[in-house]
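Asks:
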Amino acid sequence: MPKGSLEHVNITVSDPERSSALLQRLCGWHERWRGPSQLGGWTIHVGNETEYLAVYTHQSPVPRFAKGQPLNHVGLVVDDLDAAEAVVKEAGLVPFNHADYEPGRRFYFFDWDGIEFEVVSYA
């Protein structure tokens, strides 16, 4: 049976620079690539050596989607949940739904485009 892993997720945002900067501060990631998209618009790949998020914008205004459309949430693992929450707050975003559970702790936040992120730590 084949074995797989997640390489990237491409999300549509209104401001790729802003989203990339947040993800770099939140996860300690770096910019892997930036440039024009094959379908028009602009993309920044931000992540580490093995996986990344592609933050993409159209040439026209980005529509907002209802929660769960087009996706439910993006889960990110960090080694310091309190520091990650501080980054989210410094960006003017609001953490919510904090929970401690086995085997970790978590919170959620919505970015400027209504994309929900879950931030979890198993440390």
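Those letters in the sequence shown? Residues 1 to 123, by this note's numbering. Even glycine gets a Cβ: it sits at the ideal position worked out from N, Cα and C. From a predicted model like this one, the values you see are computed outputs, not experimental measurements.
Find out if the Cβ-Cβ distance for the pair L23, L71 is shorter than 8 Å.
Replies: no
Asks: On a Cα-Cα basis, can you pick out the residue from A21, T43 and T50 that is closest to E90?
Replies: A21
Asks: Check whether the stretch 79-96 and the stretch 42-62 touch, using three or more Cβ-Cβ pairs below 8 Å as the test.
Replies: no
Asks: So who's on the other strand from W42, going by DSSP bridges?
Replies: P36 and T57
Asks: Whole angstroms is fine: what's the gap from D111's alpha carbon to F117's?
Replies: 8 Å
Asks: Out of Y122, V120 and T12, which has the shortest C-alpha to C-alpha gap to P63?
Replies: T12
Asks: Taking the continuous alpha helix (DSSP H) assigned at L23, which residues delimit it?
Replies: P16 to C27
Asks: Skipping 5 residues on each side, what residues in its chain have a beta carbon closer than 8 Å to that of E51?
Replies: S5, L6, E7 and H8
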